[in-house]
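Here's the structure, in structure tokens; my notes come after.
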């Protein structure tokens, strides 16, 4: 029979958790992240950036709901560096500071935040920045916030409801969608390093930047909008609605589509 310690370790691994043990946060002073203008100009605002280091243990899962963005960058370190921006808006400086102090970020299992009840003009948000090992698997969820992925090459699943998606120099197996927001993908190198990319938006444009020597099978299109390319391709389908073509010698599928919005594919 497993003892309590061993059983707890198994549960943690099964949850795809990151672990920090006894949580050690430090406040990052002078971080420009708090100067991005979020908040209510007629209300008091308190913002701070907190940072901690986590040990990866399976899939890194982040839930930024109800209001927060997520940015993940692949790095060379073996640990996960997590920064969070905690923003509180209230009727006075003291009330905003107190509200922020009651916002706590959980790191066992799903990384997420909990805090005091909010009202129409007194509220808080938490946004997330992570640096992870390049091959880390990711599961990301946001609502009213964007998702940015840079240099990650694991298995990635993501979804946001009101926010844009930006993907740069990525690889692996990546699937995601946004409901209200644009999609921008900047491909790097000569091919996609992994199984492929599948990203969609319901309401928003799609911009794909492709190196001149990139090899992939490209699928893109729109229901209500046009498709514009700044280089010639051999088209399978109707240019203006759907496009399916090999770039270079072909390769993993790069799929980026929208329902309501235009598509632009350009060389870089």
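In the working numbering, the protein residues as written are 188 to 455. Ideal placement from N, C-alpha and C gives every residue a C-beta, glycine not left out.
Residue i to residue j span [Cα, whole Å]
i	j	result
residue 409	residue 257	26 Å
residue 235	residue 287	8 Å
residue 415	residue 453	8 Å
residue 393	residue 277	37 Å
residue 313	residue 435	42 Å
residue 301	residue 254	12 Å
residue 419	residue 335	29 Å
residue 402	residue 323	24 Å
residue 246	residue 217	31 Å
residue 385	residue 450	15 Å
residue 275	residue 429	44 Å
residue 229	residue 280	12 Å
residue 266	residue 282	35 Å
residue 223	residue 315	14 Å
residue 447	residue 241	40 Å
residue 319	residue 407	29 Å
residue 304	residue 400	53 Å
residue 440	residue 377	14 Å
residue 306	residue 382	44 Å
residue 366	residue 357	21 Å
Enclosing beta strand (DSSP E) for residue i [first to last residue]
i	result
residue 385	383 to 390
residue 342	342 to 349
residue 250	247 to 250
residue 397	393 to 397
residue 443	440 to 447
residue 367	360 to 367
residue 354	352 to 355
residue 255	No beta strand (DSSP E) contains residue 255, which DSSP labels as neither H nor E.
residue 404	403 to 411
residue 337	334 to 337
Cβ pair residue i, residue j closer than 8 Å
i	j	result
residue 270	residue 309	no
residue 442	residue 398	no
residue 363	residue 261	no
residue 432	residue 405	yes
residue 369	residue 341	no
residue 388	residue 445	yes
residue 329	residue 244	no
residue 327	residue 249	yes
residue 333	residue 391	no
residue 284	residue 233	yes
residue 438	residue 379	yes
residue 290	residue 298	no
Helix, strand or coil at residue i according to DSSP, with G and I counted as helix
i	result
residue 263	coil
residue 455	coil
residue 275	strand
residue 219	helix
residue 374	coil
residue 321	coil
residue 436	coil
residue 243	strand
residue 297	coil
residue 311	strand
residue 418	coil
residue 232	strand
residue 225	coil
residue 429	strand
residue 291	strand
residue 326	strand
Beta-carbon separation (whole angstroms), residue i vs residue j, contact threshold 8 Å
i	j	result
residue 347	residue 373	In fact, because the Cβ distance is near 19 Å, the residues do not count as touching under 8 Å.
residue 268	residue 317	7 Å
Residue i: first and last residue of the uninterrupted alpha helix (DSSP H) it sits in
i	result
residue 288	280 to 288
Residue i CB to nearest heavy atom of the ligand MG below 7 Å
i	result
residue 274	Among the components modelled here there is no ligand, and therefore nothing to report on the ligand MG.
Contact with chain B by residue i, beta-carbon distance below 8 Å
i	result
residue 452	As a matter of chain content, chain B is missing from the structure shown, which is built from one protein chain.
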